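Here is the structure we will look at, set down as structure tokens.
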Amino acid sequence: MISSVELKKITTLIFDIDGTLTDGRAGYMVDGQVVKFFDHHDMHWIKLALRSGLKVAIISGGDDFAGRHLVEILGIAWARFGVKNKLAAFEELLVQENIRPDECLYLGDDVVDMPVIRRAGIGAAVGDAVPELDECADFRTVAPGGRGAAKEVITMVLKAKNLYDTIMERYRK
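So the sequence shown is numbered by this note's numbering: it starts at 35 and just counts up by one.
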């Protein structure tokens, strides 16, 4: 498992969307629109991460209204969609946001995420990720993609950085 020393270094959380912030399923409406389901706990904890001063970014191979709308409603400032080379997008993020790889935690679910999982300071796989990610991921969440995996890693980082209790004070009153 990852140490709290490693987690304390994290300033930026990077998420894939399909299979990571969703359960990987997609439905199609008659007009061709994609329907995806996002976990409200994950969404709320992404907002809490942003409020606590962490940066949140998205690198997604998909490009649809659902993913773009999620980014908009959560207020995520850095997102790339339709990405064919996730490592190149990650390198772009590092330069544009002036961050180091060891300050990043990346959460993914499939083999296309492997290069970024290897390069990020902490690379994680959602609980139901493909088994190939065990070759390179630092750990696998207990929760599956789209069902609390993002909340799980955010909570780990907030606790390691001693930000969790401050965030929770608002709700414990």
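The C-beta atom is built at its ideal place from N, Cα and C for all residues, glycine as well.
Note that the structure is a prediction, hence the values are computed from the model and not measured.
*Would R152 pass as a contact of C138 if the rule is Cβ separation under 8 Å?*
In the sequence shown, counting from the first residue as 1, residue 152 sits at position 118. In the sequence shown, counting from the first residue as 1, residue 138 sits at position 104. No, they are not a contact pair.
Practice task
Throw me the rounded Cβ distance for the T54 and V145 pair, which I believe falls under 8 Å.
Solution key: On the sequence shown, residue 54 is found 20 positions in, with the first residue counted as 1. On the sequence shown, residue 145 is found 111 positions in, with the first residue counted as 1. The pair is not a contact, with the Cβ atoms about 13 Å apart (cut-off 8 Å).
Legend entry - Residue range of the alpha helix (DSSP H) that includes L127: Stepping through the sequence shown from its first residue, residue 127 is reached at position 93. Run containing L127: 120-131, per the alpha helix (DSSP H) assignment.
Could you have a look at T175 and say whether DSSP puts it in helix, strand or coil? Position 141 of the sequence shown, counted from the start, is the residue given in the question as residue 175. Of the three classes helix, strand and coil, the one that applies to T175 here is coil, per DSSP.
Query - G157, enclosing beta strand (DSSP E) - first and last residue - result: Position 123 of the sequence shown, counted from the start, is the residue given in the question as residue 157. In the DSSP assignment, G157 falls within the unbroken beta strand (DSSP E) covering 156-159.
*Name the two residues that bound the continuous beta strand (DSSP E) containing K81.*
The count along the sequence shown starts at 1 and reaches residue 81 at position 47. Unbroken run through K81 is the alpha helix (DSSP H), 74-85; no beta strand (DSSP E).
Checking 8 Å against the spacing of the C-beta atoms, do A194 and E186 come in under that value? For the purposes of this step, residue 194 is taken as residue 160 along the sequence shown, with counting starting at 1. For the purposes of this step, residue 186 is taken as residue 152 along the sequence shown, with counting starting at 1. Going by C-beta atoms, A194 is not nearer than 8 Å to E186.
- prompt: With burial defined as no fewer than 16 other Cβ atoms inside 10 Å of the residue's Cβ, what is the status of K207: buried or exposed?
  reply: What you label residue 207 is simply residue 173 of the sequence shown in a count that begins at 1. Answer is exposed; the Cβ neighbour count stays below 16.
Could you tell me which residues DSSP pairs with L139 in its beta bridges? Walking along the sequence shown from the start, residue 139 turns up at place 105. Beta-bridge annotation (DSSP): L139 is paired with L47, I156.
Could you check where the beta strand (DSSP E) with K89 kicks off and where it finishes? Working through the sequence shown from its first residue, we reach residue 89 at position 55. First-last of the beta strand (DSSP E) with K89: 89-93.
State the DSSP-derived secondary structure class of G61, mapped to helix, strand or coil.
Residue numbering aside, residue 61 sits at position 27 when the sequence shown is read from its first letter. DSSP places G61 in strand when its eight states are reduced to three.
Where D73 and H103 are concerned, what is the direct C-alpha to C-alpha distance, given to the nearest angstrom? Position 39 of the sequence shown, counted from the start, is the residue given in the question as residue 73. Position 69 of the sequence shown, counted from the start, is the residue given in the question as residue 103. Going from the Cα of D73 to the Cα of H103 covers about 14 Å.
### Nonlocal neighbours in the same chain, by C-beta distance under 8 Å from V117, ignoring five residues either side
For the purposes of this step, residue 117 is identified with residue 83 of the sequence shown, where counting begins at 1. Contacts found: I93, S94, G95, A123.
Quiz item: Would you say L192 and V150 are within 8 Å of each other, going by their C-beta atoms?
Solution: Start at 1 with the first residue of the sequence shown, and residue 192 comes out as number 158. Start at 1 with the first residue of the sequence shown, and residue 150 comes out as number 116. No, Cβ-Cβ distance for L192 and V150 is not below 8 Å.
Fill in: Residue range of the alpha helix (DSSP H) that includes R181
For the purposes of this step, residue 181 is taken as residue 147 along the sequence shown, with counting starting at 1. Following the DSSP letters along the chain, one finds R181 in no alpha helix (DSSP H), marked with neither H nor E.
Practice task
Quick one: residues in its chain with C-beta nearer than 8 Å to the C-beta of I133, no 5 flanking neighbours on either side, listed in chain order?
Solution key: Residue mapping note: residue 133 aligns to position 99 of the sequence shown, counting from 1. Correct list, in chain order: T45, T46, K89, L127.
Query raised in the report: Beta carbon of L141, beta carbon of A113: below 8 Å?
Result: Position 107 of the sequence shown holds residue 141. Position 79 of the sequence shown holds residue 113. Between L141 and A113, the CB-CB gap reaches or exceeds 8 Å.
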